[in-house]
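So the protein lines, in turn, are chains A and B.
Be aware that the first sequence starts at 52, since it is given in my numbering, and climbs by one per residue.
Be aware that the second sequence starts at 17, since it is given in my numbering, and climbs by one per residue.
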Amino acid sequence: MREITYAQALREALREEMKRDESVILIGEDIGIHGGAFSVTKGLIEEFGPERVRNTPISEAGFVGAAIGAALTGLRPIAEIMYVDFSTIAMDQIVNQAAKLRFMTGGKTCVPLVLRTQGGAGRGNAAQHSQSLEAWYAHIPGLLVVMPSSPYDAKGLLKSSIRDNNPIIFIEHKLLYATKGEVPDEGQEYLVPIGKADIKRKGSDVTIVTWSLMVRKALSAAEMLAEDGIAAEVVDVRTLRPLDTETIVESVKRTGRCVVVHEACKTGGFGAEVVARVVEEAFDYLDAPVLRVAAADTPIPYSKTLEDWVIPSEADIVSAVRRVVDG
Amino acid sequence: MESREKMLRMYRHMLAIRQFEHKAGDLFTRDAVRGSIHLYIGQEAVAVGVCSALEPGDYVVSTHRGHGHCIAKGGRLREMMAELLGKATGYCKGRGGSMHIADFGSGILGANGIVGGGIAIAVGAAFSAKYLKNGRVSVCFFGDGAVNQGIFHEALNLAAVWKVPAIFVCENNLYALSTPFRDAFAIEHVVDRAAGYGVPGCRVDGNDVLAVYEAAREACARARGGGGPTLIEAVTYRMDGHFRGDPCLYRSKQEVEEWAARDPITRFRAKLIESKVASAEELAAIEDEVRAEVEDAVRFALESPDPSPQDMLNDIYA
Ligand SMILES: Cc1ncc(C[n+]2csc(CCOP(=O)(O)OP(=O)(O)O)c2C)c(N)n1
Ligand SMILES: [Mg+2]
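See the structure below:
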């Protein structure tokens with residue numbers, strides 16, 4: 052199979068869905084000739100024109116609200132928020148408006164909106180450009196939260212998200228855009244279902260549950276652990292809401308051990324939700340406490356020494372796994 | 017005419033910004049600076065013109081393109097450069113980087129990574145000045161892009177209703193990243209919005225340091241005299257990309273060349289010589305001094321230690 056980058060995979064998903072359905076439009080800052088801060092929309096304004104690729108002023112609350120209004124009235128907008136950190140500016144529109152409109156109106160309408168954004172640390176972008184805010188959105192009934200880790204999942208999940216009738220927070224990772232992976236040729240259509248986890252590596256000793264960039268770190272940690280004879284299974288949840296509890300719980304029932312890994316800081320992180328579900332549904336199968344590997348409870352610092360210390364590393368994952376395996 | 021001393025200080029500050037930014041850009045290209053860096057090259061007359069009208073105790077709220085504001089308000093090059101290199105000796109101990117430099121002792125309440133993030137904060141600082149009757153003014157720098165954030169509207173209205181000593185300085189450099197002014201506004205000028213808040217406004221050539229200074233002086237006098245806020249639109253141009261490494265697909269070479277011909281430093285230098293404020297030799301001496309200062313800052317930054325992760329859990333809460 053051919054290999055393409057995560058950014059290319061996303062672009063293909065956008066292009067294919069825009070070709071398939073005229074009601075799909077893009078809205079966001081610098082998504083036109085500049086091609087978006089991470090080049091995902093590069094070439095799309097040339098192909099689809101400025102009516103459908105709508106470059107906006109810097110007005111996150113305004114254009115997210117406009118995307119909601121367009122979604123209520125027949126379009127399928129994809130709004131791009133350059134950094135998830137800036138989604139805070141559109142919080143009322145996302146949380147009080149988009150998430151609740153269907154429910155509040157007795158199911159009389161729906162908001163088919165995809166909010167594409169990116170988060171995460173690792174590039175020295177410091178405290179206001181490096182956050183992992185997925186837990187905030189996963190906490191809101193009415194929103195779906197999707198966080199793909201590979202080019203294949205990115206393309207398949209973005210296409211599914213565009214076709215879904217709910218508001219979806221689609222969070223990419225800034226360090227994933229340049230990563231490559233196998234993706235079927237253009238024209239060989241496939242979708243990845245929302246709400247289905249994926250076992251990225253099989254193993255019988257411990258289940259590592261994770262998402263986004265941390266899937267890659269967990270996979271290399273699993274590689275290191277294999278050298279010591281520890282077989283780690285890596286479950287990529289892919290979507291946080293809905294969460295595929297079944298796949299996670301089945302895995303833990305087989306391995307008897309669980310470590311949850313995420314890049315967001317630990318307190319109030321989504322890892323707590325995963326641990327709670329494992330404890331609620333697989334307590335009797337557990338041979339060790341369930342551990343979380345997460346960022347330190349600090350804003351993200353600028354300097355590399357500090358940033359590396361705050362963000363979970365492969366070594367942190369390895370040592371947590373050793374703790375639950377060795378007891 | 018302003019005193020010779022004052023004008024030479026303006027020249028020195030403009031040069032310091034220019035040279036600091038060139039060095040910072042080089043260090044970014046050499047991977048010594050992380051993340052992204054937004055240089056102030058071409059806009060020096062705005063920061064220097066405005067800050068020359070301020071007193072040391074006055075406040076400045078800055079942006080992602082903030083190095084110039086910091087230098088103009090009296091920030092020290094060593095601590096700034098060390099911060100850009102993420103060192104323990106930097107203004108923020110390496111935690112903040114380019115977009116978060118602050119020096120509260122010099123009245124610099126901080127740069128900002130969020131477009132528009134500082135506008136209301138400046139209103140709060142102006143309110144405290146009024147409440148505490150300390151005679152200070154609060155200057156808020158922001159770009160044309162920030163004017164389309166909702167917070168701009170809320171903050172200007174609040175400042176006007178409270179009649180606080182705030183000066184809103186919009187640096188209209190004609191682009192917000194790739195978006196040209198005409199694509200983001202259906203009005204001619206930013207300053208047209210002033211009337212909507214009942215605030216006096218003025219539009220100046222942002223590449224003419226003395227024109228900016230005059231506008232700022234008038235706004236300061238109004239603010240200190242209890243007359244409330246002013247909106248200044250300073251029209252200028254950034255000569256570098258939005259960030260270092262920006263391919264600048266959205267603007268023409270010709271446009272860049274036209275603005276290069278209006279370079280604020282070249283213009284001010286010619287004016288100083290023409291009006292006999294200083295000779296070319298005297299100015300060259302200042303240039304050498306500034307170059308040495310910037311080099312000293314780079315050396316200091318490179319030789320400084322990295323911060324220690326041991327302190328990471330400190331200073332999250334007071
Ligand atoms: C809330 C928010 N939205 C978007 C960005 C990304 N961004 C950073 S600077 C910038 C352009 C700002 O333009 P302007 O205000 O005119 O300032 P200039 O860069 O021209 O100095 C953008 C879009 C951001 N940092 N914060
Ligand atoms: Mg601008």
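Think of the CB as a built atom: it goes at the ideal place given N, C-alpha and C, for glycine as much as any other residue.
- Only exposed fits A:Asp236, as fewer than 16 other CB atoms lie within 10 angstroms of its CB.
- Proximity to B:Val215 across B:Arg28, B:Ala182, B:Tyr107 and B:Ala200 peaks at B:Ala182, based on C-alpha coordinates.
- Bounds of the beta strand (DSSP E) holding A:Arg105 are Val104 to Asn106.
- Taking a Cβ-Cβ cut-off of 9 Å, the neighbours of B:His116 in chain A comprise Ala177, Ala178, Gln179 and Tyr353, given in sequence order.
- In summary, B:Asn188 is buried, with 16 or more beta-carbon neighbours lying within 10 Å of its beta-carbon over all protein chains present.
- Contact between B:Ile87 and B:Ile137 is ruled out by a C-beta separation of about 20 Å, above the 8 Å threshold.
- Here the distance from the Cβ of B:Gly161 to the nearest heavy atom of ligand 1 is below 6 Å.
- Taking 8 Å as the cut-off between beta carbons, the residues of the segment 190-205 of chain B near chain A are Ala192, Leu193, Ser194, Thr195, Asp199, Ala200 and Phe201, in sequence order.
- Interface criterion not met: the Cβ of A:Ser90 is under 7 Å from no Cβ in chain B.
- A distance criterion of 6 Å places the beta-carbon of A:Asn106 beyond contact range of ligand 1, judged by its closest non-hydrogen atom.
- With fewer than 16 other Cβ atoms inside 10 Å of its own Cβ, A:Thr156 counts as exposed.
- When DSSP states are grouped into helix, strand and coil, B:Val49 belongs to the coil group.
- Taking a Cβ-Cβ threshold of 9 Å, the residues of chain A close to B:Ser52 are Arg174, Gly175, Asn176 and His180, in chain order.
- Look at B:Asn128: its beta carbon is at least 6 Å from all of the heavy atoms in ligand 2.
- Around A:Asp348, the same chain offers Cys316, Lys317 and Thr318 as residues with beta carbons nearer than 8 Å, after the five sequence neighbours per side are excluded.
- Uninterrupted alpha helix (DSSP H) stretches at least 4 residues long and entirely within the segment 134-173 of chain B occur at 135-148, given in chain order.
- By the criterion of a C-beta distance shorter than 7 Å, A:Gly232 is surrounded in its chain by Glu54, Ser201, Pro202 and Tyr203, once the five residues flanking it on both sides are discounted.
- Of all residues in the segment 251-272 of chain B, only Leu265 and Tyr266 come within less than 7 Å of chain A when Cβ atoms are compared, listed by chain position.
- Residues of chain B with a Cβ closer than 8 Å to the Cβ of A:Asn216 do not exist; the shortest Cβ-Cβ separation is about 28 Å.
- Within the segment 95-129 of chain B, Gly102, Gly110, Arg111, Gly112, Gly113, Met115, His116 and Gly129 place their CB atoms closer than 7 Å to a CB of chain A, listed in sequence order.
- Taking the Cα positions, A:Arg292 is about 19 Å away from A:Ala345.
- For the set B:His169, B:Ser122 and B:Phe120, the Cα lying nearest the Cα of B:Ala210 is the one of B:His169.
- Ranked by how close their Cα comes to the Cα of B:Cys218, the residues B:Phe120, B:Met96, B:Ser194 and B:Ala231 have B:Ala231 in first place.
- Going by DSSP, A:Phe114 is part of the alpha helix (DSSP H) stretching over Glu111 to Leu123.
- Below 8 Å, enough C-beta pairs join the segment 304-314 of chain A and the segment 251-259 of chain A to call them touching: three or more.
- One alpha carbon belongs to A:Ser74, the other to A:Phe89, and they sit about 24 Å apart.
- Proximity of the beta carbon of B:Asn189 to ligand 2 is indicated: a heavy atom of the ligand is located closer than 6 Å.
- The closest heavy atom of ligand 2 lies 6 Å or more from the beta carbon of A:Ala122.
- Sorting B:Lys89, B:Ala334, B:Leu226 and B:Ile302 by C-alpha distance to the C-alpha of B:Asp119 places B:Lys89 at the top.
- With a contact defined as Cβ atoms closer than 8 Å, A:Leu166 and A:Ile82 miss out at about 13 Å.
- A direct Cα-to-Cα measurement between B:Arg285 and B:Tyr56 gives close to 18 Å.
- Counting along the chain, the unbroken beta strand (DSSP E) around A:Thr168 starts and ends at Val165 to Gly170.
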